Amino acid sequence: MEPSESGQASVPVEIDQMKLEMYMQEVRDNQNLGMGVMAGLAAAAVGALIWAGVTYATEYQIAWMAVGIGFLVGLAIRQFGAGVDVSFGIAGAVLSLIGCLSGNILTYCIFIAKEEGVQVSEVISHLDLQITMELLIDTFSPLDILFYGLALYYGYKYSFHKVSEEKLKEFVRPSAG
């Protein structure tokens, strides 16, 4: 037996699979993808606004903001969706990317509005898919791939309901020794 951090020999733990499966079914019965997506969308919007505001205030684009959006979206989906299915992670990744792209687009709209001496809402009102794509392509940096990738990763990873250690202890079978 291997010693544990406390210096004592660790005891093999056996999980009661039936109890664990019943608990996981209960979690699945209570998960709510719709609420998770709504919360994730709100978090993506807040993240995009923060990203644009910080970029405008500093006149410097901080690409690490993408990672923050991934965390924010993932945690919102976890909190409000309480899900364990893959669809929650996919929603977290997609909404994180949408938040990042929206933050970039909003930032450029703010700078264009300042340059042209018009309201940001006027610039936004003239956006269409073609203009938006051109804007994203013209301002693309290879480093964007890294940070968007990190946002996707963290948006996915943090979107899932976590089972606490305390809860896991409830599924341990008593040792027969």
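Count along the sequence shown starting at 1, add 568, and that's the number in our numbering. A virtual CB, placed ideally from N, CA and C, is assigned to each residue, including glycine. Just so we're clear, the structure is a prediction, and the values are computed from it rather than from any experiment.
Compare the beta carbon distance of residue i and residue j with 7 Å and say whether it is the shorter of the two.
i, j, result
"Ser727", "Phe656", "yes"
"Ala616", "Gly667", "yes"
"Gly638", "Ser664", "yes"
"Gly723", "Gly660", "yes"
State the Cα-Cα distance for the pair residue i and residue j, rounded to the nearest angstrom.
i, j, result
"Val688", "Ile678", "6 Å"
"Ala613", "Ala650", "20 Å"
"Met586", "Asp653", "19 Å"
"Met569", "Glu738", "The pLDDT assigned to Met569 is 48, lower than 50, so where the model puts this residue is not dependable; a value taken from the coordinates is nonetheless given after this. Distance between the alpha carbons of Met569 and Glu738: 23 Å."
"Gln698", "Glu589", "49 Å"
"Val581", "Lys735", "14 Å"
"Leu669", "Glu594", "36 Å"
"Asp584", "Tyr591", "11 Å"
"Gln700", "Leu711", "According to the sequence shown, residue 700 is Thr rather than Gln. If I take the Cα positions, the gap works out to 19 Å."
"Leu704", "Ile618", "19 Å"
"Leu695", "Ala607", "25 Å"
"Ser762", "His729", "Examination of residue 762 is not possible in this model, given that the chain is present from 569 through 745 alone."
"Phe715", "Thr675", "16 Å"
"Thr626", "Ile658", "32 Å"
"Asn672", "Thr707", "9 Å"
"Val641", "Gln599", "17 Å"
"Lys725", "Val662", "12 Å"
"Ser709", "Glu702", "13 Å"
Spatial neighbours of residue i within its chain, please: CB distance less than 6 Å, with the 5 preceding and 5 following residues excluded, ordered by chain position.
i, result
"Gln629", "Thr623"
"Val740", "Val581"
Residues in its own chain within less than 8 Å of residue i by CB, not counting five upstream and five downstream?
i, result
"Ala681", "Gln687, Val688, Glu690 and Val691"
"Asp597", "none"
"Gln713", "Just to set this straight, residue 713 is Ile in the shown sequence, not Gln. Cβ within range, chain order: n/a, list empty."
Task: Length at least 4, wholly inside the region 597-661: the alpha helix (DSSP H) runs in chain order - done: 601-626 and 633-649
Open item on the list: With three or more beta-carbon pairs closer than 8 Å as the criterion, would you say the region 704-723 touches the region 631-640?
Closed with: yes
TODO: Would you check if there are 3 or more beta carbon pairs closer than 8 Å linking the region 599-609 to the region 642-650?
DONE: yes
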